[in-house]
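One structure is given below, encoded as structure tokens.
As structure tokens, then:
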């Protein structure tokens, strides 16, 4: 159903009086009067104006029309909501991330790797089995399975957001690039402050782990870091924990939750001292600029592209510079 908006046709508000509708109609009649006999398009437009006038000036027709307009508007809004991240998505994605990607999927994959090792090396001890597991491969398959699942869960939303992101690109705006450089500067400032105030000089354990695996299995780690991580983490932390909750908790709190939770998951799994918790700050700064990229592009793909650029540059620097 596609109902024409008669109020827009006449240029009046929904609560316009009959006098205001009459005045608007007469004004349009005067405007089109000279062109009606010469321009077929003007005649077609005027027929729409006349139809709108006839409906809105009849009390019964206007009541019925208002009801139809309301139902279509409500249906369109409901259909739009289906393709936007919401509170339900926030709950599902959060549970999946913390129970699925952190426990269930790793458990299944580790069991699979262990069985394969035991078949090839009967009688090896538990510690030997664990030491023989290919960690880059484990992380690769963990990320692959996780990405497939979250994409299946959100593919309609991703498609809707992709169309909006393409529209953003057509405007030739480069705010994501600007936010990337702003984010890098902010992270450097925060890192320098941490070094000055707390004498923290080493990189986080998460960063060190990536560097170690990158030297062992560069292709798998590049794919995992540059492609899988941006998609998975943006759907979870920007889709679920920003877009999915901002209408419930407000934009400011949603930004804070998304940024800090993003920072926390990169640090909490490898904390060896209380000072290690401070590494949450630079990661949270990065998360903040990813949220801003999503907000300003009106698309989850703004965050994914920002994340992709950030990780790609970092990997290239590790491979060819450091």
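Residue numbers (our numbering): 84 to 405. We put the beta carbon where it would ideally sit given N, CA and C, even for glycine. Predicted, not measured: the structure shown is a model, and the values here were computed from it.
Below 8 Å on the Cβ atoms is my contact criterion, and I expect residue i with residue j to pass it. Report the Cβ-Cβ distance as a whole number of Å.
i	j	result
residue 87	residue 131	7 Å
residue 319	residue 180	5 Å
residue 263	residue 392	5 Å
residue 202	residue 212	About 11 Å; that fails the 8 Å criterion.
residue 38	residue 301	Any question about residue 38 goes unanswered here, given that the chain covers just 84 to 405.
Is residue i near residue j, with beta carbons less than 8 Å apart?
i	j	result
residue 395	residue 167	no
residue 370	residue 385	no
residue 387	residue 173	no
residue 379	residue 258	yes
residue 216	residue 198	no
residue 344	residue 324	yes
residue 236	residue 175	yes
residue 261	residue 382	no
residue 307	residue 226	yes
In angstroms, rounded to a whole number, what distance separates the CA positions of residue i and residue j?
i	j	result
residue 367	residue 196	34 Å
residue 84	residue 111	At residue 84 the pLDDT is 47, less than 50, meaning the model places this residue with poor confidence and gives no usable figure here.
residue 373	residue 390	7 Å
residue 338	residue 106	48 Å
residue 269	residue 104	56 Å
residue 314	residue 298	23 Å
residue 361	residue 277	8 Å
residue 147	residue 223	59 Å
residue 272	residue 282	14 Å
residue 210	residue 267	40 Å
Grouping DSSP H, G and I as helix and E and B as strand, with all else coil, what is residue i?
i	result
residue 257	coil
residue 155	helix
residue 137	helix
residue 205	coil
residue 113	helix
residue 101	helix
residue 143	helix
residue 333	coil
residue 390	helix
residue 405	coil
residue 89	helix
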